[in-house]
Amino acid sequence: MDTLIQLLDVTIRSAVPLLLACLAGLYSERSGIVDIGLEGKMLGGAFAAAAMAAVTGSAWLGLFAGIFVAVLLSLVHGFASITNKGNQIVSGVAINFIAAGLAGLLGQAWFSQGGRTPQLPPDARFIPIDLPFAEAISNIPMVGPVYVELISGQNLLAYFAFVMVPITWWVLFRTRFGLRLRAVGENPAAVDTAGISVSWARYRAVICCGILCGIAGAYLSIGLSAGFVKDMTAGRGFIALAALIFAKWRPVAAMWACLLFGFLSAIEIRFQGVELAIVGVVPVQLMQALPYILTVILLAGFIGKAIPPKAGGVPYSKER
Amino acid sequence: MNTALPRWVDYGLMPLINVAVAFLIAGLVVLFVGESPVEAAYLMVRGAFGNGYNIGFTLFFATTFVFTGLAVAVAFHAGLFNIGGEGQAYIGGLGVALVCLSFDTILPWWLTFPLAIIGAALFGALWAYVPAILQAKRGSHIVITTIMFNFIASALMVYLLAGPLQKAANLGPRTRDFEAGGQIPKMDWLFSPFGIDMGASPLNISFLLALIMAFVVWVIVWRTRFGYEMRTLGVSPRAANYAGMPEVRIVVLTMMLSGALAGMMALNPVMGDQARLQLDFVEGAGFVGIAVALMGRSHPAGIVPAAILFGALYQGGAELAFDMPNITRDMIVMIQGLVILFAGAMEYMFRPALTKVFSEKTITAEAA
């Protein structure tokens, strides 16, 4: 039981940044802007958040700096792919490199710690919050440990990530903004005919994407850790992209996909080199590669079919 | 929009403007960090070309980037974006290492080398084959699958290098050193007629192979039936389909050629320099290939100079980081990103203005 609770706790911690980035990608891709720059925006956000928190000592200012930088990078992506009708994949790749390069360069120039930011004190971070009654019900079997270890004791950004799942669903499927956002991702010409600006709808989607990426980065650098470390996103942006495809671009499914991938990485950490029944020692690398392998299998159409938004990756031109 | 620009503008001036903007922004960042951009540029050029040893290193890096740049370019011509050069090169290294580990004690290098070329190309091509066949037959997006395959390759190689292929646990994740039969000759003689000594720089004969491959790619893309089909598919899949060109075969073969070129990149560091297979030897070269291909406009004649520019950036950047500790090699990564942004994603930003300038010129020329 304890092992399982620990495993699930690590699962949630690994899933939160994935979930935020995945929802970020959801807004962008649903509007027809393919985004492989999630990784870079998260990294930029993580660096900005940690740098600002280190200088001001405020976690909130850090969070806003993270969001600001990630949105800025998003707007570069938007400018390239919406206004200039450039190749969205190329632009995403560029964002990843620019963010990684700038974070390393500025990190070294400002703090001279080999690209790290200074260690943050607890008030400059988002620290775990104990929910009410945690003490009181900790002794109840089953419910107690689950409430105390899993539900309580996460940080604010983690709760935000899970709250964003129903909100994203509601925004996309129950509001006018969401309807337009999905429409420009499926059939921009129809939206244009209705007299609604395709570019503006897409820009707004891209900004939403930047906000969530910034929060995802802040969760890593001033939530989970106490500072920025070079390349700290470590491919999470791409796992989030995989989760997005795995979830077939749907918010609730995205949460489950991120929890699944989080669970895989929890297993990888927990059972490193441990002999298991029947299978023996599972190589860590297999567990690391599993999210990617599963996504390839899914994309190949062997577990259902992942159909992306119809106008994804195609710049919209009014006239030919 | 379809106003044709003179070729020298399209293939010469535009890339130059794009790169100039990228460098301008990099210069501003250097200024922002509190160093002198002019000084930084000087140190970088000196670090890349200052003496024979540095030139050797610049060309060594350039060799790698010619291979990965060609790999990306070949796929571009068929309208495919192979972002998996990194993984294909990594697995290509496995091919090189298996050949070298098997034959380095029994064959001389000039027999191992051709076998290693085949090994590298074959393994790289196979790693590109799966995403290609999934794209062609099942419609899975090649960008996503090749990204996934990069990560899978990385996990696989960590497993192999820290497991079955590892020499000894205390030496870290790498194979044993290759014997003389698994090492290819250096090219320190290249500039000796001019009195330039390259010293112990790692430039080796895979540089020549890279130039040969650039020519081979030109022949395949512009002088064969397959190249014609490939370019047709890239420009208009419907036209290719209408003309009865076999789409599945073109996609698969193009991607395998692309993967083979990326895989051959491994010959340079693995056989030419380190003489062993070690963790992360690709060091992002697969991604530099994207920048090189975009800057070189996917033409071998553009890719070779673009690769040399990036070789100079990598070598000069390393020297610069040494002289100006405030400016780390991360700046090169940023410049690479900026080049990809301006030469790739925003390539049309300056086009309307250029079209205006040059079409006006032709009008005045005609009037006169």
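Read top to bottom, the protein sequences are chains A and B.
Following my numbering, the numbering of the first sequence begins with 1 at its first residue and continues without gaps.
Following my numbering, the numbering of the second sequence begins with 1001 at its first residue and continues without gaps.
Yeah, the Cβ is synthetic: ideal placement off N, Cα and C, and Gly gets one too.
Between which two residues does the alpha helix (DSSP H) carrying residue i extend?
i	result
residue 1232 of chain B	1225-1235
residue 1201 of chain B	Looking at the DSSP string, residue 1201 of chain B is not in any alpha helix (DSSP H), and its letter there is neither H nor E.
residue 1117 of chain B	1109-1138
residue 317 of chain A	From DSSP, residue 317 of chain A is part of no alpha helix (DSSP H); its letter is neither H nor E.
residue 105 of chain A	88-111
residue 1348 of chain B	Note, residue 1348 of chain B: premise wrong, no alpha helix (DSSP H); not H, not E.
residue 172 of chain A	156-174
residue 1089 of chain B	1085-1103
residue 203 of chain A	198-218
residue 6 of chain A	2-30
residue 233 of chain A	Per DSSP, residue 233 of chain A belongs to no alpha helix (DSSP H) and is neither H nor E.
residue 78 of chain A	59-78
residue 1032 of chain B	1014-1033
Looking only at C-alpha atoms, which of the options sits nearest to residue i?
i	options	result
residue 70 of chain A	A:157, A:107, A:210, A:98	A:210
residue 240 of chain A	A:39, A:148, A:110	A:39
residue 1145 of chain B	A:293, A:114, A:237	A:293
residue 302 of chain A	A:246, A:284, A:257, A:23	A:246
residue 1147 of chain B	A:313, A:314, A:242	A:242
residue 126 of chain A	A:102, A:85, A:154	A:154
residue 1151 of chain B	B:1140, B:1186, B:1203, B:1087	B:1087
residue 308 of chain A	A:30, A:195, A:82	A:30
residue 21 of chain A	A:300, A:206, A:313, A:229	A:206
residue 1282 of chain B	B:1070, B:1306, B:1015, B:1093	B:1093
residue 1385 of chain B	B:1116, B:1040, B:1181, B:1213	Since the first and last residues shown for chain B are 1001 and 1368, residue 1385 of chain B lies out of range.
residue 90 of chain A	A:83, A:36, A:122, A:124	A:36
residue 231 of chain A	A:42, A:260, A:196	A:42
residue 1138 of chain B	A:314, A:298, A:311	A:298
residue 252 of chain A	A:23, A:6, A:57, A:142	A:23
residue 1173 of chain B	B:1347, B:1161, B:1183, B:1236	B:1161
residue 256 of chain A	A:226, A:64, A:166	A:166
residue 282 of chain A	B:1302, B:1068, B:1163	B:1163
How many Å lie between residue i and residue j at the Cα?
i	j	result
residue 1279 of chain B	residue 1157 of chain B	8 Å
residue 181 of chain A	residue 26 of chain A	11 Å
residue 104 of chain A	residue 1359 of chain B	43 Å
residue 1370 of chain B	residue 1096 of chain B	What the structure shows of chain B is the stretch from 1001 to 1368, and residue 1370 of chain B is not part of that stretch, so it cannot be assessed.
residue 1002 of chain B	residue 1349 of chain B	Because residue 1002 of chain B carries a pLDDT of 46, less than 50, the predicted location of this residue cannot be relied on, and the following value inherits that uncertainty. Roughly 15 Å between the two C-alpha positions.
residue 1072 of chain B	residue 94 of chain A	15 Å
residue 60 of chain A	residue 9 of chain A	25 Å
residue 1296 of chain B	residue 1079 of chain B	16 Å
residue 86 of chain A	residue 318 of chain A	15 Å
residue 78 of chain A	residue 12 of chain A	31 Å
residue 1135 of chain B	residue 1290 of chain B	20 Å
residue 269 of chain A	residue 19 of chain A	19 Å
residue 1028 of chain B	residue 1035 of chain B	10 Å
residue 1194 of chain B	residue 1308 of chain B	20 Å
residue 1230 of chain B	residue 267 of chain A	45 Å
residue 1143 of chain B	residue 136 of chain A	52 Å
residue 53 of chain A	residue 62 of chain A	4 Å
residue 1357 of chain B	residue 1014 of chain B	13 Å
residue 234 of chain A	residue 1046 of chain B	34 Å
Where does residue i fall in DSSP's three states?
i	result
residue 983 of chain B	This structure gives no information on residue 983 of chain B, because the portion of chain B shown stretches from 1001 to 1368.
residue 1002 of chain B	Caution is warranted here: a pLDDT of 46 is assigned to residue 1002 of chain B, below 50, making its placement in the model unreliable, and the coordinate value is therefore given only provisionally. It is coil, neither helix nor strand.
residue 281 of chain A	strand
residue 1174 of chain B	strand
residue 1186 of chain B	strand
residue 1008 of chain B	helix
residue 248 of chain A	coil
residue 1299 of chain B	coil
residue 35 of chain A	coil
residue 1271 of chain B	helix
residue 1051 of chain B	coil
residue 130 of chain A	coil
residue 117 of chain A	coil
residue 1081 of chain B	coil
residue 1106 of chain B	coil
residue 141 of chain A	coil
Can residue i be considered in contact with the ligand FMN, in the sense that its beta carbon sits closer than 8 Å to one or more heavy atoms?
i	result
residue 249 of chain A	With respect to small molecules bound, the structure shown includes none, and the ligand FMN cannot be examined in it.
Taking beta-carbon pairs under 8 Å, can you tell me which members of the region 1026-1048 of chain B lie near chain A? Considering only beta carbons, the part of the region 1026-1048 of chain B lying closer than 8 Å to chain A consists of 1029, 1033, 1034, in chain order.
Selection of the region 1132-1148 of chain B by Cβ proximity to chain A, strictly under 8 Å: Hits within the stretch, in order: 1134, 1138, 1139, 1140, 1141, 1143, 1144, 1145, 1147, 1148.
Short of 8 Å Cβ to Cβ, which residues in the region 236-266 of chain A face chain B? Cβ contacts with chain B come from 238, 241, 242, 245.
Against chain B: residues of the region 91-109 of chain A by CB proximity under 9 Å: Hits within the stretch, in order: 91, 92, 93, 94, 95, 96, 97, 98, 99, 100, 101, 102, 103, 104, 105, 106, 107, 108, 109.
Short-range partners of chain A found in the region 1157-1171 of chain B, where Cβ spacing is below 7 Å: Going along the region 1157-1171 of chain B in chain order, one finds 1158, 1159 with a Cβ nearer than 7 Å to chain A.
Give me the subset of the region 1313-1326 of chain B whose CB atoms are less than 7 Å from a CB atom of chain A, sorted by chain position. Result list: 1326.
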